[in-house]
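Taken in sequence, the protein lines are chains A and B.
Here the first sequence is numbered in our numbering, starting from 1 and rising by one per residue.
Here the second sequence is numbered in our numbering, starting from 1 and rising by one per residue.
Virtual Cβ for every residue (Gly too), placed ideally from N, Cα, C.
Quick caveat: nothing in here was measured; it's all calculated off a predicted structure.
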Amino acid sequence: MDSGAATRNGGSIRAVVTALGVAVICALLVSYTAVTLRPYYIANLEAERDAQLASILSALSGAAGRISFGDVEMRLVDLDSGAYTDAVDPLTYDAEKAATDPAMSRPIAPELDLAGIKRRPNYAVAYIQRDQSGAVRMLILPVYGVGYQSTLSGYLALSEDANSVLALRFYEQNDTPGIGARIQDPAWEALWPGKLVFDEDGNVRIGVARGSVAIGSSDIDYLVDGISGATRTSLGVHGLLRFWLGESGFGPYLARVRKGEG
Amino acid sequence: MANRAWKTLTAPLISDNPITLQILGICSALAVTTSLDTALVMSAAVISVMALSGASVSLIRNVLPRSIRLIVQITIIASLVIIVDLVLKAFVFEMSKRLSVFVGLIITNCIVLARAESFAMRNAVLASILDGVGNGIGYGLILVAVGAVREFFGKGSLLGTQLLMTASQGGGFEPLHLMLLPPSAFFLIGVIIWWIRSKKPDQVERPEYGIQEEPGGDG
Chain A
1 MDSGAATRNG GSIRAVVTAL GVAVICALLV SYTAVTLRPY YIANLEAERD
51 AQLASILSAL SGAAGRISFG DVEMRLVDLD SGAYTDAVDP LTYDAEKAAT
101 DPAMSRPIAP ELDLAGIKRR PNYAVAYIQR DQSGAVRMLI LPVYGVGYQS
151 TLSGYLALSE DANSVLALRF YEQNDTPGIG ARIQDPAWEA LWPGKLVFDE
201 DGNVRIGVAR GSVAIGSSDI DYLVDGISGA TRTSLGVHGL LRFWLGESGF
251 GPYLARVRKG EG
Chain B
1 MANRAWKTLT APLISDNPIT LQILGICSAL AVTTSLDTAL VMSAAVISVM
51 ALSGASVSLI RNVLPRSIRL IVQITIIASL VIIVDLVLKA FVFEMSKRLS
101 VFVGLIITNC IVLARAESFA MRNAVLASIL DGVGNGIGYG LILVAVGAVR
151 EFFGKGSLLG TQLLMTASQG GGFEPLHLML LPPSAFFLIG VIIWWIRSKK
201 PDQVERPEYG IQEEPGGDG
């Protein structure tokens, strides 16, 4: 009997068993923590989302008179027809969840999928503020899409013409800190107000330029400067705006708003 | 016995400090010390990871085959760091956003693996916990000192409370913007190392290469 071989054999079995044991215990601990703490994390994200929505509203309150969060109406929009629908309660509607449910979403053809989201939910929530006569004064639309290494989620606020931008704010992103994450910088956010979504022929022109917008070009009304060093994140923002404001996104809905059917 | 435990806990604070003597963990020390509160939370995260990783590695040190010890240590450390990251995300969300990737990078902080490999693999559970906590506090001390100096001179505040009115707020204090940039942490840690080594000359390393004497003389 070669005792050296037996020890080596026993050694490798012991190595496998120990490694397996450690891996299983670690996996259990991590999963248990993740599952237990997930509700807190989601609550934080939702608070962040509400805070962004509230901050868009308060940023605009100077221009549009006194606005409080309570004045804003939430409506569910059927994205295909652009009409309001009461199919689901907008307060409990979860667009992210709906996008993974075959009954509540549909796949996007790859050539149309500018936001990189693969499936688009059938409904989306629009936040609408009206003046005394009931006409739309401000629209806030949720937008999301893939950036460099994370999903960028934000709100776009449009004025009553459903064309000029009041603000664009991202409440969630995990792109590179200090580079792509600069889409949340106040300085970059300040580039958006006043940009137009559509040109006179109704084409979606809004977006992010590669580098700076050329001086004297007509793009200056529609595009903001890209973030240097963050080409993929800038392209992500560009794509998600083109998608969500285009025909597959809120396009039909915005057309209705412009006709006064908002 | 109690004396030895006390020494295990306190030696890494100044005389065997992981940052100033062993020059480990510099990367995160530069990144999270722009203000005092991030430095404090990061220190707490590192202390808890080090205490728990010391305990777990020490617990399995007798059944752990040498051939796979490093990968097992890293697995344990990585799991602990993920758990700490999740806890921060759940309970101090704003802070975890400011610390961003640097909590996750505790996994690659050499101090944690170094203590697991060199101490916890050879010592009992309690001693390993003390060693982990001591090294964590040693790391934290430097972080907190650098963070306090950077926030005070960079923004005129401490823990977010404005102590000196800056010029833009109508006061007479001109903030040193350099303090908010990563190189300032290098200078400050350098100054701390200089100060410690002037008090404890035994920490000064002997030069590995002397200046070569020119053999010819006047060439």
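TODO: Kindly list the residues whose CB is nearer than 8 Å to the CB of G260(A), restricted to its own chain and excluding five residues on each side of it in sequence; keep chain order.
DONE: The answer, listed in chain order, is A135.
Task: Same chain, Cβ closer than 7 Å to S248(A), five either side skipped, listed in chain order - done: Its chain contains I108, L112 and R120 as the residues whose beta carbon lies nearer than 7 Å to that of S248(A), once the 5 sequence neighbours on both sides are disregarded; these appear in chain order.
Open item on the list: I'd like the span of the beta strand (DSSP E) that includes M74(A), first residue to last.
Closed with: Bounds of the beta strand (DSSP E) holding M74(A) are E73 to D78.
- [ ] Could you tell me the distance, in whole angstroms, from the CA atom of M165(B) to the CA atom of L158(B)?
- [x] Distance from the CA of M165(B) to the CA of L158(B), rounded to the nearest whole angstrom, comes to 12 Å.
Open item on the list: With DSSP as the reference, identify every bridge partner of L156(A), one or two as the case may be.
Closed with: DSSP output for L156(A) lists L141(A) and L168(A) as bridge partner(s).
- [ ] Would you check if the distance between the CB atom of L141(B) and the CB atom of L9(B) is smaller than 8 Å?
- [x] No, the pair does not count as a contact, with Cβ atoms beyond the cut-off.
- [ ] Give the DSSP bridge partners of Q162(B), in chain order.
- [x] Under DSSP, the beta-bridge partners assigned to Q162(B) are S157(B).
Open item on the list: Less than 8 Å between the beta carbons of G82(A) and Y222(A), yes or no?
Closed with: Going by C-beta atoms, G82(A) is not nearer than 8 Å to Y222(A).
- [ ] Check the Cβ of T65(B) against every Cβ in chain A and list those closer than 7 Å, keeping chain order.
- [x] Reading off the sequence, residue 65(B) comes out as Pro, not Thr. Simply G11, R14, A15 and T18.
Task: Cβ of N122(A) within 8 Å of any chain B Cβ - done: No, N122(A) does not count as interfacial toward chain B.
Task: First and last residue of the uninterrupted beta strand (DSSP E) at P121(A) - done: It spans R119 to P121 - the beta strand (DSSP E) in which P121(A) sits, taken as one unbroken run.
- [ ] Helix, strand or coil for R150(B), going by three-state DSSP, please let me know.
- [x] Correct three-state label for R150(B): helix.
TODO: For S234(A), I'd like the list of residues in its chain whose CB is within less than 6 Å of its CB, leaving aside the five on either flank, ordered along the chain.
DONE: Around S234(A): V208, G226 and I227.
TODO: Look at the Cβ atom of I107(B), then the Cβ atom of Y139(B), and state whether they are nearer than 8 Å.
DONE: Between I107(B) and Y139(B), the C-beta gap is not smaller than 8 Å, which leaves the two residues out of contact.
Task: For S58(B), three-class secondary structure by DSSP - done: The three-state reading of DSSP puts S58(B) in helix, counting H, G and I together.
Task: chain A within 8 Å of S15(B), Cβ atoms only - done: Taking 8 Å as the CB threshold, S15(B) stays off the interface with chain A.
- [ ] Excluding the 5 residues preceding and the 5 following R210(A) in the sequence, name in chain order all residues of the same chain whose CB lies nearer than 6 Å to its CB.
- [x] Only G226 meet the Cβ criterion.
TODO: Have a look at the DSSP bridge pairing and note the partners of I128(A).
DONE: Beta-bridge pairing links I128(A) to E73(A) and L139(A).
- [ ] State yes or no: is the beta carbon of P186(A) nearer than 8 Å to at least one beta carbon in chain B?
- [x] P186(A) does not count as touching chain B.
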